[in-house]
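Data first, discussion second: the structure below is written as structure tokens.
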Amino acid sequence: MKKVRLQKLISFFLCICLLCALLCGCSGKEKLIDFIYPFSADINSYDPQIAATSDESLIIENTFEGLVRVNDDGTVQEGCAESWEISNDKLTYTFHLKKGLKWNINTEKYTEGENKGEFKDKRLQMLGKEFNPDITANDFVFALRRAVLPETKAPMFSLISGIQGATAIHSGKAAADTLGVTATDDYTLVITLVSPDDNFFSTLSAGIAMPCNEEFFNATKGRYGLDTKYTLFNGQFYVSQILQTSYLLKQNTYYTGPYPSTAGELTLKILGSEEDSSGKKSTVSRLQSGYYDAAFITGSESAQLKETQGITYTPYQDTAWVFLLNTANEVLQSATMREAFCLGLSREAQPEKEYLTDSGSIVPFSCLAGGQKALEVLGASTPTQDIEKSVSLWKEGLKVIDSTDITLTVLTSEEMQNEVREMLQGVQEGIGAVVKNEKGEQIAFTLKVEAVTPDELKNAVSKREYDIALYPYKSASVSAAAFLASVAASNKTGFDDEAFVQAVNGAQAADNPQEELQYLQQAEQALITSYSIYPILCETSYYAAAKGVHGIQFHTGSGRVSFVNATRDES
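Residue numbers are given in the numbering used here: position 405 of the sequence shown equals residue 1030, and the series is strictly consecutive.
Okay, structure coming up:
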């Protein structure tokens, strides 16, 4: 009896020991966190040098690492470079790269089955050989030379235009190898500027300055960045899967840089792809519930956001609301009629909605111009309401308009329709009171407001199937020059203004901040006096983090959101 009892005690003791060992083993293993962030999936490429949308910037921010990283407080940290020196005249930067840094390449081969002996990594299958090089200074030389080439059409070229030789190469007057970027050896990179730039480290942390392997780039035969199998990532994450409702980024186990991520996965949920029994949930409600760990919140959602305890948010003003006037319209093809309409619009010094601000500049307030806040140096260049002049111009325009029955439809988002109706009151009071033309013919003038969804508004504008539209221009970077270049490239109104394009090109190619500022002022003036785009409002938006979530870095005004240092409090 005693023997049986003793055996039971021993067995019980062994079970307790085994359980303790298991628990100790689990607690010793680092716990990986997963994060969820909503985005619009406006992705055309993973190529950092040509990233143009906020969503592309978001992915590149987390899947690539440049020479340095810059914190929210401006502190410069190591990236691929472990140290650097700056010359006394602040024109020459010398970076020393860490050795042994790798791309996210899986060199394993299948050991059985019909694929035995073949590479598991599709990129190596494409190359047809072993390929696992270190990241070197040459990868940065090639990336920056490629970024300044005119055929690359890098949207953010203005950020690196201050590098010696960049503007000459970009304008086709010099070869790429004359750029002031050289590799003195595999792990030493020297960059020479035309003039000192206090924001140069921030430039080096942007997508346009990410590394690119020349051999792999050439092997893709023009497809670099168009798919994950044509892209090499070197950041803390890599794009693992693209699903119908989300993009899945997983921790890059080949990353050996100074700041490994604590997150194991980052799920980018495509907005509008999820529904429950009560219909579509708002972004704010998903943030409140903790389903989203962070999110971009528009001004219209901000009231609900501010009422929630525990959510932290960062305000910024990166969206300009403008009236677009389609120059293909029979009436609006006349610059006189466009000006008449714009000068008739009612404006409020302080709009009713607190997240909206009256704006006389097309450049969003979050942008920088010549190294300074655009709002302060560009000022308000849009002419204010002048009903008397508006009516005079309208009468002048009617002399060359054949139609006596004029109907103009103004497209707007549902959230902005009340603002549009208020702005149109001045047009109705002025132009609407003109009932006869010079010939004495009766004039019928009708203004209609049509509220549509954001997607419908975007589609109509992109196809130029509209008369007038109140449309949001969102900046993808803090560069005013890059923002105006995107406006020029999209040309949503059909207006061809050579003076505007030349001024934008001049701003991007400027050798110093003063010259850039002069060109920006010329560009905005040329655009506004065309009256094809008429700035009216600037919107305050927010980057928000859910309760208990810390360490997410929001680069205001660019769409770049870094989850590299993100953490979450345990429940």
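Every residue, glycine too, gets a C-beta built ideally from N, C-alpha and C.
Distance, Cα to Cα, residue i vs residue j?
i: I816; j: S712; result: 11 Å
i: K654; j: L1036; result: Its pLDDT being 44, under 50, K654 is placed unreliably by the model, and nothing is read from it.
i: D680; j: I661; result: 14 Å
i: D698; j: A779; result: 28 Å
i: K1083; j: L774; result: 31 Å
i: Y1167; j: D746; result: 39 Å
i: N877; j: Q861; result: 5 Å
i: G691; j: L683; result: 15 Å
i: T982; j: A666; result: 28 Å
i: N1043; j: T678; result: 29 Å
i: N1137; j: V1126; result: 19 Å
i: A1206; j: N731; result: One cannot answer for residue 1206 here, as it falls past the ends of the chain, which runs 626 to 1196.
i: D659; j: Q869; result: 19 Å
i: S1187; j: F1179; result: 7 Å
i: L752; j: K846; result: 11 Å
i: K798; j: A1124; result: 21 Å
i: S1111; j: Q1139; result: 21 Å
i: I1177; j: A1171; result: 10 Å
i: I1153; j: A808; result: 44 Å
i: L957; j: I936; result: 46 Å
i: S959; j: L1018; result: 11 Å
Between residue i and the rest of its own chain, which residues show a CB-CB distance below 6 Å, the 5 nearest in sequence each way excluded?
i: G1055; result: G969, I1012, S1015 and V1016
i: S827; result: V695
i: G650; result: Low confidence applies to G650: its pLDDT is 41, below 50, so where it sits in the model is not reliable, and the reading given next is rough at best. Hits under 6 Å: none found.
i: V1189; result: Q861, Y884 and S886
i: S865; result: L873 and K875
i: Q929; result: V909
Could you name the residues of the same chain whose beta carbon sits closer than 7 Å to that of residue i, not counting the 5 residues immediately before and after it, in chain order?
i: D1194; result: G1173
i: S1131; result: Checking the displayed sequence, the identity of residue 1131 turns out to be Gly instead of Ser. So the list reads Y1144, once near-sequence residues are dropped.
i: L1142; result: A994, G995 and V1002
i: A1135; result: S786, E1141 and Y1144
i: Q1133; result: F782, S783, S786, A1106 and A1110
Mark residue i as exposed unless 16 or more other C-beta atoms lie within 10 angstroms of its C-beta, in which case mark it buried.
i: V695; result: buried
i: L1109; result: buried
i: G704; result: buried
i: L722; result: buried
i: K741; result: exposed
i: E686; result: buried
i: A974; result: exposed
i: Y735; result: exposed
i: D802; result: exposed
i: L1000; result: buried
i: T1032; result: exposed
i: A768; result: buried
Taking the alpha-carbon of residue i as reference, which of the options has the nearest alpha-carbon?
i: Y863; options: S871, T828, Y849 and Y879; result: Y879
i: L1145; options: N954, Q1050, K1117 and A1105; result: A1105
i: F842; options: Y718, L857, S959 and C967; result: L857
i: I1161; options: I987, N859 and I936; result: I987
i: A1076; options: E1090, V1045 and V1059; result: V1045
i: T853; options: A1148, L749 and A1101; result: L749
i: T761; options: N838, L769, T719 and M751; result: N838
i: L1072; options: V1060, Q1050, A919 and S1087; result: Q1050
i: H1175; options: A1135, A888, E979 and S907; result: A888
i: D714; options: E932, R911, D823 and V766; result: D823
i: A1191; options: A919, K978 and G1057; result: A919
i: A1101; options: I1068, I867, L784 and R911; result: L784
i: F726; options: T717, D764 and F744; result: Correcting the residue identity first, residue 726 is Leu in this sequence and not Phe. Residue D764 is the option with its Cα nearest to L726.
i: R770; options: T792, D759 and E1047; result: T792
i: D759; options: F825, T881, I668 and E739; result: T881
i: Y1159; options: G1057, R1185, G1065 and S1006; result: S1006
i: K1117; options: I668, E1090, I867 and Q1133; result: E1090
How close, in whole Å, do the beta carbons of residue i and residue j come, if the pair is a contact with beta carbons under 8 Å?
i: Y849; j: P663; result: Actually they are not in contact, since the Cβ atoms of Y849 and P663 sit about 28 Å apart, beyond 8 Å.
i: S820; j: G790; result: Incorrect: roughly 13 Å between the Cβ atoms, too far for contact.
i: T1181; j: S991; result: 6 Å
i: S871; j: L893; result: 6 Å
i: L950; j: S1157; result: 5 Å
i: G1119; j: T961; result: G1119 to T961, Cβ: 17 Å. No contact.
i: T700; j: W709; result: Going by Cβ atoms, the distance from T700 to W709 rounds to 14 Å, so no, they are not a contact pair.
i: Y980; j: E1164; result: 6 Å
i: Q1010; j: S984; result: Their Cβ separation, rounded to whole angstroms, is 14 Å, which puts Q1010 and S984 out of contact at 8 Å.
i: T933; j: Y1098; result: With 8 Å as the limit, T933 and Y1098 do not qualify as a contact, their Cβ atoms being about 29 Å apart.
i: F756; j: A772; result: Not really, about 23 Å apart at Cβ, beyond 8 Å.
i: S1087; j: D1122; result: Their Cβ separation, rounded to whole angstroms, is 19 Å, which puts S1087 and D1122 out of contact at 8 Å.
i: Y1096; j: V947; result: 6 Å
In chain order, what residues of the same chain lie with their CB nearer than 8 Å to the CB of residue i, ignoring the 5 residues before and after it?
i: E1063; result: K1020, L1023 and K1024
i: F689; result: P673, G832, M835, P836, F858, N859 and G860
i: T1078; result: S1038 and E1039
i: A706; result: L692, V693, F720, H721, L722, K723 and L814
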